[in-house]
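Read in order, the letters of the sequence shown are residues 605 to 823 in our numbering.
Here the structure comes first, spelled out in structure tokens, and everything after it is commentary.
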Amino acid sequence: MSEPLTFQALFGGTFDPVHFGHLRPVEMLATQLGLQQITLLPNNVPPHRPQPEASSEQRVKMLSLAIADRPLFNVDCREMARQTPSYTIETLAEVRAERGEHQPLGFIIGQDSLLTLHKWHRWQELLNYCHLLVCKRPGYATKMETPALQQWLEDHQTQDIDRLHQQPAGSVFLADTALLPISATEIRQRFHAGLSCDDLLPASVISWINQQGLYQRRG
Ligand code: ATP
Numbered sequence: 605m606s607e608p609l610t611f612q613a614l615f616g617g618t619f620d621p622v623h624f625g626h627l628r629p630v631e632m633l634a635t636q637l638g639l640q641q642i643t644l645l646p647n648n649v650p651p652h653r654p655q656p657e658a659s660s661e662q663r664v665k666m667l668s669l670a671i672a673d674r675p676l677f678n679v680d681c682r683e684m685a686r687q688t689p690s691y692t693i694e695t696l697a698e699v700r701a702e703r704g705e706h707q708p709l710g711f712i713i714g715q716d717s718l719l720t721l722h723k724w725h726r727w728q729e730l731l732n733y734c735h736l737l738v739c740k741r742p743g744y745a746t747k748m749e750t751p752a753l754q755q756w757l758e759d760h761q762t763q764d765i766d767r768l769h770q771q772p773a774g775s776v777f778l779a780d781t782a783l784l785p786i787s788a789t790e791i792r793q794r795f796h797a798g799l800s801c802d803d804l805l806p807a808s809v810i811s812w813i814n815q816q817g818l819y820q821r822r823g
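Here it is as structure tokens:
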């Protein structure tokens with residue numbers, strides 16, 4: 605008898621720090637799609653790129669505090685363990701090999717990442733390994749940059765949730781998620797300016813940031 609299909613989704617990011625703009629849209633997406641488990645994948649930023657302000661360990665600690673009371677999420681640190689750039693395609697190939705060819709796999713991105721997807725390493729192969737699940741993000745265009753990219757999107761887009769559960773990969777789903785105008789950049793700037801971040805990220809993460817002196821007040 606064949607193994608039952610379970611739709612797992614991965615959500616990659618720098619999470620410097622994790623915030624409600626990451627957590628809440630993805631929780632809504634999970635409800636819409638009936639996803640039981642979302643795996644957060646903190647990335648490794650290679651030495652030649654602008655470095656996150658928090659260390660890898662600090663980014664993982666903030667993720668674990670944020671998800672402590674959110675059983676939907678777990679964290680997978682495989683990209684951090686690699687010490688090479690985090691190429692999503694390589695992670696997806698690895699996870700696909702682990703899960704077998706039939707299990708549905710999703711990779712979650714925000715609208716801003718969809719717009720720059722064509723700059724990702726081997727981007728056209730992504731849909732061989734996963735479905736792309738896109739959350740809305742305020743302030744970003746809803747159309748792709750060129751007619752060819754828009755056509756690519758229309759060719760792969762589906763709103764058929766059963767299809768996402770039955771097919772292992774190959775579709776793009778534009779989720780109907782809340783628009784949350786929150787970014788990690790703005791949060792770091794607010795901490796540097798000594799401003800409150802109360803509604804932007806979980807209280808447990810804010811307390812830990814303050815306790816560690818992370819994103820300290822500048823000037
Ligand atoms: P930064 O401001 O440092 O660039 P960020 O807030 O965009 O960070 P990342 O960790 O880079 O956060 O983002 C990881 C993923 O989360 C990306 O796919 C991004 O599109 C998505 N994302 C981040 N913030 C939001 C938001 N407010 N709404 C929807 N998606 C978001």
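Every residue gets a Cβ at the ideal spot worked out from N, C-alpha and C, and that includes glycine.
- Relative to the ligand ATP, S668 has its C-beta separated by 8 Å or more from all heavy atoms.
- Exclusion of I671 from the 8 Å shell around the ligand ATP follows from its C-beta lying no nearer than that to any non-hydrogen atom of the ligand.
- In the structure shown, P646 adopts extended strand secondary structure according to DSSP, grouped into three states.
- The C-beta of T695 has 16 or more other C-beta atoms within 10 Å across all chains shown, which makes the residue buried.
- If you draw a straight line from the Cα of H706 to the Cα of L737, it is about 18 Å long.
- Excluding the 5 residues flanking it on each side, L718 has same chain C-beta neighbours closer than 7 Å at V738, in chain order.
- In chain order, L784, I786, S787 place their CB closer than 7 Å to the CB of G625, counting only its own chain and leaving out the 5 sequence neighbours on each side.
- About 20 Å separates the beta carbon of P629 from that of K747, a gap too long to meet the 8 Å contact definition.
- Per DSSP, the beta-bridge partners of N678 are T643.
- Taking the CA atoms as reference points, A658 sits about 38 Å from Q771.
- For V738, the enclosing beta strand (DSSP E) starts and ends at 735 to 739.
- Cβ neighbours of L645 within its own chain (closer than 7 Å, five residues either side excluded): L614, F615, G616, D680, E683, T695.
- For G625, the uninterrupted alpha helix (DSSP H) run begins and ends at 624 to 637, by DSSP.
- Taking a cut-off of 8 Å on C-beta distances, the segment 806 to 822 does not touch the segment 762 to 782, as fewer than three cross pairs fall below it.
- Closest by C-alpha distance to N648, out of E729, T688, T610, P675, is T688.
- The Cβ neighbour count for P806, taken over all protein chains shown within 10 Å, is at least 16; the residue is labelled buried.
- Y733 is a Cβ neighbour of L709, given a cutoff of 9 Å.
- Here the alpha carbon of Q612 sits roughly 41 Å from the alpha carbon of R822.
- Around P656, the same chain offers T618, D620, V649, R663 as residues with beta carbons nearer than 8 Å, after the five sequence neighbours per side are excluded.
- Between the ligand ATP and the CB of R686, the shortest heavy atom gap is not smaller than 8 Å.
- Ranked by how close their Cα comes to the Cα of H652, the residues E698, S690, E758 have S690 in first place.
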